[in-house]
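Structure, as structure tokens:
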Amino acid sequence: MDTDKADLFQQFISNGFVLIPKVISSKLLTQVSADIDDVLGENPPELGTVGPYFPPINKPESLMPLLLQTSVFTLAESFVGKGKLLVLEQVQLALNIPYFPHRPSRHHLDGVSIPEADGRPGTFTLLVGILITDQPRPDMGNLWVWPGTHLTHANFFRHQGIESLMASGGSPDIWLPDPIQIVGQAGDLLLAHYLLAHNIGGNRSDKIRRAVYFRLQRSDHRDHWQQALQDPWYDFDGIRAYLQSKNLGT
42 MDTDKADLFQ QFISNGFVLI PKVISSKLLT QVSADIDDVL GENPPELGTV
92 GPYFPPINKP ESLMPLLLQT SVFTLAESFV GKGKLLVLEQ VQLALNIPYF
142 PHRPSRHHLD GVSIPEADGR PGTFTLLVGI LITDQPRPDM GNLWVWPGTH
192 LTHANFFRHQ GIESLMASGG SPDIWLPDPI QIVGQAGDLL LAHYLLAHNI
242 GGNRSDKIRR AVYFRLQRSD HRDHWQQALQ DPWYDFDGIR AYLQSKNLGT
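At position 246 of the sequence shown (counting the first as 1) the number is 287 in the working numbering, and the numbers step up by one without a gap.
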């Protein structure tokens with residue numbers, strides 16, 4: 042394994058996320074930004090809207106090149122295993138409209154407020170986030186994350202049971218470290234573990250924050266989502282192989 046990939050894996054193991062700079066070309070960013078303008082033309086926010094806004098996307102395929110015509114999907118696969126990730130046309134456009142002087146007091150995990158049709162929580166494997174606008178400093182609509190809480194959550198679910206995810210409303214009562222805000226430039230890639238505590242931040246800037254999110258599942262995740270809540274590396278063949286190589290000293 043090359044040094045750069047090992048460094049990414051080590052960051053992900055420790056923190057539950059990695060931010061990889063300049064993954065998306067300026068040409069594709071320009072194209073996608075125009076497509077986002079079209080989405081907002083079809084579904085503009087109501088007058089006076091501030092804070093988070095998630096417009097419906099009538100043509101999700103317009104944003105899929107971010108995932109499939111770049112190195113993004115291959116990078117994500119390297120964590121989970123080649124051929125192990127589903128390609129779903131599930132994409133979210135996430136805006137954060139100023140002026141929004143918000144500071145989250147709690148965290149959450151996704152998939153609880155809108156569970157699956159069978160009633161199970163909408164868990165997945167890996168959150169893929171792509172910055173469409175620059176967020177070079179805090180309080181520009183940045184995503185907040187609590188580093189290391191993917192491990193804390195897994196330990197919590199091992200001791201309290203998987204039913205505690207729904208019972209907690211997606212915000213289990215765990216110890217939280219100091220949060221950090223994801224800062225970066227347009228074209229940067231965020232890969233985050235499903236179990237990483239996160240939340241929406243405020244936007245005190247004069248610009249609308251734009252980001253695109255894909256929530257990726259390992260192909261057999263629905264069959265073992267319970268185990269994946271309690272073992273943070275159950276879905277991650279690449280990470281487990283790396284950890285095994287470290288234990289073996291190779």
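Note that CB positions come from ideal geometry on N, CA and C, so glycine has one too.
Could you pull out every residue in the same chain whose Cβ sits closer than 6 Å to the Cβ of residue 291, ignoring the five residues on either side in sequence?
With a pLDDT of 40 at residue 291, under the threshold of 50, the predicted position of this residue should be treated as unreliable, though the coordinate-derived value follows. Here the set comprises nothing.
In whole angstroms, what is the alpha-carbon distance linking residue 213 and residue 90?
Computed Cα separation, rounded: 29 Å.
Taking the straight line between their C-alpha atoms, what separation do you get for residue 202 and residue 75?
Taking the straight line from one Cα to the other gives about 45 Å.
DSSP on residue 51, reduced to helix/strand/coil?
The answer is helix: DSSP assigns residue 51 an H, G or I state.
Would you list, in sequence order, the uninterrupted alpha helix (DSSP H) runs of no fewer than 4 residues that lie entirely inside the stretch 228 to 274?
Counting whole runs of 4 or more residues, the stretch 228 to 274 contains the alpha helix (DSSP H) stretches 266 to 271.
Nearest CA to the CA of residue 55: which residue from 258, 84, 111, 234?
Considering only alpha carbons, the answer is 234.
Could you check where the beta strand (DSSP E) with residue 93 kicks off and where it finishes?
Its beta strand (DSSP E) spans residues 92 to 94.
Please name the residue, chosen from 198, 227, 196, that lies closest to residue 181 on a Cα-to-Cα basis.
Cα-wise, what sits closest to residue 181 is 227.
What separation, rounded to the nearest whole angstrom, lies between the Cα atoms of residue 267 and residue 123?
Going by the C-alpha atoms only, they are around 22 Å apart.
My assumption, with CB atoms under 8 Å, is that residue 120 sits in contact with residue 168. Please give the rounded CB distance.
With 8 Å as the limit, residue 120 and residue 168 do not qualify as a contact, their Cβ atoms being about 12 Å apart.
For residue 249 and residue 92, what's the separation of their Cα atoms in angstroms?
About 9 Å.
Taking residue 69 as part of the alpha helix (DSSP H), name the residues at either end of that continuous run.
Note, residue 69: alpha helix (DSSP H), 67 to 83.
Would you mind reading off the limits of the beta strand (DSSP E) that contains residue 58?
Residues 58 to 61.
Based on Cα-Cα distance, which residue from 193, 95, 104 lies nearest to residue 70?
Taking only the C-alpha atoms, the option nearest residue 70 is 104.
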